[in-house]
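Notes follow the structure.
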Amino acid sequence: MASFCFFQDVSIVPKKAEDLSQEEDHWIRSAYTGALTWAEPYEGIATELDFNEYYPYILSSYMSGWPNHLKYGIYQVFIEGQPAEQKCIRGLHYNPAGYYTHYDLLIAMDLGLHIELSSESPNALIFEQTKLMSGHDIFNQWASYLTEIKEEGGQAGKVAKHMLVSLWGRLYSVGRKPGPHRRMAPFISAKGCRIISEKIRPLGDRVKRIHTDGFIISDKNTEQLIERYVGGKSNLKIAKSGIVSIKNVMNLKWVDFEEIIPPSSAKTEKSPIHYLPLPTEILDRIFQHYRKDRDKKMYPLLFVNKQWYYIVRRLIWQRITLTAISGIKFTKVLSKDTKPVACEQVLGLKFIGEINIEPDVYISEVCKACPNLQQLSFKNSGSRILNNKNLEVLLAECPNLTLTIRGFRRLSPKTFLKFQN
1 MASFCFFQDV SIVPKKAEDL SQEEDHWIRS AYTGALTWAE PYEGIATELD
51 FNEYYPYILS SYMSGWPNHL KYGIYQVFIE GQPAEQKCIR GLHYNPAGYY
101 THYDLLIAMD LGLHIELSSE SPNALIFEQT KLMSGHDIFN QWASYLTEIK
151 EEGGQAGKVA KHMLVSLWGR LYSVGRKPGP HRRMAPFISA KGCRIISEKI
201 RPLGDRVKRI HTDGFIISDK NTEQLIERYV GGKSNLKIAK SGIVSIKNVM
251 NLKWVDFEEI IPPSSAKTEK SPIHYLPLPT EILDRIFQHY RKDRDKKMYP
301 LLFVNKQWYY IVRRLIWQRI TLTAISGIKF TKVLSKDTKP VACEQVLGLK
351 FIGEINIEPD VYISEVCKAC PNLQQLSFKN SGSRILNNKN LEVLLAECPN
401 LTLTIRGFRR LSPKTFLKFQ N
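Going left to right, the sequence shown walks through residues 1 to 421 as my numbering numbers them.
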């Protein structure tokens with residue numbers, strides 16, 4: 001959520017793309033196949049390589065050039081070579097429905113596979129170049145800022161790392177609901193597949209497993225590999241090297257291996273830790289979303305740090321619901337001469353059920369203690385806190401309140417007329 005809010009703040013694109021027509025929605029959903037995953041059985045010496053900043057790289061890179069014979073879009077085609085009961089080969093993700101983005105077709109062309117355009121009409125969904133935006137223009141500022149924080153390390157670096165990998169899913173979907181930019185989904189996924197396909201193609205049959213942003217090759221961790229992939233400018237890094245047993249994509253086991261630590265993180269001298277707090281506006285939106293879940297309590301967040309304390313305190317005090325003992329304690333505190341500073345942040349008070357407040361406590365005094373109070377609500381409240389006298393004083397001293405009363409039948413006609421006025 002934090003990454004998505006930050007992206008909306010710095011990006012030049014609208015917060016929500018234009019709605020998809022029913023037909024376009026069908027094409028977008030049909031063309032989305034997910035990441036490239038493939039494996040063949042293997043047991044022996046191997047090295048695992050991972051792509052650095054996979055999704056940020058895909059999102060923020062410039063768009064590929066436009067070949068004259070293939071425009072940016074989705075095509076309904078048949079591609080030869082799909083194995084029985086398998087959706088992937090080494091380098092290409094097949095789509096049984098036959099919907100492919102131009103990135104998928106470029107992969108198939110590079111692999112030398114025969115492509116046959118469907119004779120059905122329409123057989124393509126084309127996006128004109130004038131309607132397209134560069135991924136660099138959309139995502140670069142977001143990615144650059146978070147990458148810089150991530151490289152500084154520390155707690156802020158961990159937060160930035162999580163934000164870098166969490167945005168993509170939020171653009172595509174919000175829980176079970178469609179995301180605000182799901183039109184991007186099949187193209188981001190297919191572009192990622194093409195990037196990985198290009199990386200593994202020179203390695204040929206040595207590639208034994210592919211999963212999203214990483215792959216395993218049948219090769220020991222040699223000095224040449226380290227020089228090529230560790231600590232250099234390559235987008236790939238060596239994750240581990242040793243003996244692996246691969247049965248399928250999801251079933252593998254490293255028997256004897258070592259994790260490869262890049263030189264930058266293997267320093268004996270610790271780098272200084274820099275903490276960069278998230279902007280208050282972003283934290284505010286995160287906490288507002290957090291408190292919608294009734295099973296989660298807000299008060300533990302008060303003890304994290306001073307910034308969190310002031311944000312959470314304001315949210316807790318904005319809307320207060322009181323019953324029985326909590327109502328007695330709250331009204332007693334606010335009836336005293338010295339009022340809590342947080343009273344200024346109270347916007348709404350709700351009293352539920354019988355609340356036997358102290359005899360010397362008046363609801364009008366409680367309301368006046370909250371100068372910014374806008375809404376006051378009573379539900380099934382007894383005459384101890386809600387009676388004609390209290391209401392008349394309240395209406396006279398706090399005339400601008402929005403007052404809601406439910407389940408109280410002892411209101412006199414005289415008070416009722418004042419209440420109407």
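Just so it is clear, CB atoms sit at the ideal spot from N, CA and C, and this is done for glycine as well.
Any idea what DSSP makes of K296, helix, strand or coil? Here residue 296 refers to the residue found at position 296 of the sequence shown. Reduced to three states, the DSSP call for K296 is coil.
Is the Cβ-Cβ distance between L171 and K150 less than 8 Å? Your numbering for residue 171 matches position 171 in the sequence shown. Your numbering for residue 150 matches position 150 in the sequence shown. Their beta carbons are not under 8 Å apart, which means L171 does not touch K150 by this criterion.
Status (buried if at least 16 other CB within 10 Å, exposed otherwise) for K208: As a first step, residue 208 is located in the sequence shown; it is residue number 208 there, counting from the start. By the 10 Å Cβ count, K208 comes out buried.
Going by beta-carbon coordinates alone, are I355 and S381 separated by less than 8 Å? Translated into positions along the sequence shown, residue 355 becomes position 355. Translated into positions along the sequence shown, residue 381 becomes position 381. Taking 8 Å as the Cβ cut-off, I355 and S381 qualify as a contacting pair.
Looking only at its own chain, which residues have a Cβ that is under 6 Å from the Cβ of S3, when we skip the five neighbours before and after it? Residue numbering aside, residue 3 sits at position 3 when the sequence shown is read from its first letter. Cβ-Cβ distances below 6 Å link S3 to M163, S166, L167 in the same chain, with the five nearest sequence neighbours on each side left out; the list follows chain order.
Throw me the rounded Cβ distance for the C343 and C370 pair, which I believe falls under 8 Å. Your numbering for residue 343 matches position 343 in the sequence shown. Your numbering for residue 370 matches position 370 in the sequence shown. Your pair C343 and C370 checks out as a contact, with CB atoms roughly 5 Å apart and the cut at 8 Å.
Per-residue burial, K191 [other beta carbons within 10 Å of its own, 16 or more giving buried]: For the purposes of this step, residue 191 is identified with residue 191 of the sequence shown, where counting begins at 1. Only buried fits K191, as 16 or more other CB atoms lie within 10 angstroms of its CB.
Pick from W27, D337, L376, V361: whose alpha carbon is nearest that of I352? Start at 1 with the first residue of the sequence shown, and residue 352 comes out as number 352. The candidate whose alpha carbon is nearest that of I352 is L376.
Inter-stretch contact at 8 Å, needing at least 3 Cβ pairs: the region 73 to 82 / the region 236 to 250: No, the region 73 to 82 does not touch the region 236 to 250.
Identify which residue in K414, A46, L391, W38 has its Cα closest to the Cα of S218. Numbered from its first residue, the sequence shown carries residue 218 at position 218. Between S218 and the set K414, A46, L391, W38, the nearest pair of CA atoms involves A46.
DSSP state of P413 mapped onto helix, strand, coil: Taking the first residue of the sequence shown as 1, we reach residue 413 at position 413. In this structure, P413 counts as helix in the three-state DSSP scheme.
Of the residues F7, L302, Q318, the one placed nearest L146, counting alpha carbons only: Locating residue 146 in the sequence shown gives position 146, counting from the first residue. A check of alpha carbon separations from L146 across F7, L302, Q318 identifies F7 as the nearest.
What are the boundary residues of the alpha helix (DSSP H) that includes L395? If you number the sequence shown from 1, residue 395 lands on position 395. Note, L395: alpha helix (DSSP H), 388 to 397.
Between which two residues does the alpha helix (DSSP H) containing N400 stretch? As a first step, residue 400 must be located in the sequence shown, where it is residue number 400. Where N400 is concerned, there is no enclosing alpha helix (DSSP H), given that its DSSP letter is neither H nor E.
Can at least three beta-carbon pairs, one atom from the region 198 to 216 and one from the region 30 to 43, be found at a separation below 8 Å? The region 198 to 216 is in contact with the region 30 to 43.
Just to confirm, is the Cβ distance from N235 to N52 under 8 Å? The residue given as residue 235 occupies position 235 in the sequence shown. The residue given as residue 52 occupies position 52 in the sequence shown. With respect to the 8 Å criterion, N235 and N52 are classified as neighbours on the basis of their beta carbons.
In terms of residues, what are the limits of the alpha helix (DSSP H) holding R319? Along the sequence shown, one-based indexing puts residue 319 at 319. R319 -> not in any alpha helix (DSSP H); beta strand (DSSP E) instead, spanning 319 to 323.
Meets three-Cβ-pair contact criterion under 8 Å: the region 88 to 95 and the region 118 to 136: Contact between the region 88 to 95 and the region 118 to 136 is absent, because fewer than three Cβ pairs lie under 8 Å.
Pair every Cβ in the region 290 to 303 with every Cβ in the region 18 to 26, then say whether three or more of these pairs are closer than 8 Å. In short, these stretches do not touch, since the Cβ pair count stays below three.
At what residues does the beta strand (DSSP E) containing L70 begin and finish? Working through the sequence shown from its first residue, we reach residue 70 at position 70. Note, L70: premise wrong, no beta strand (DSSP E); not H, not E.
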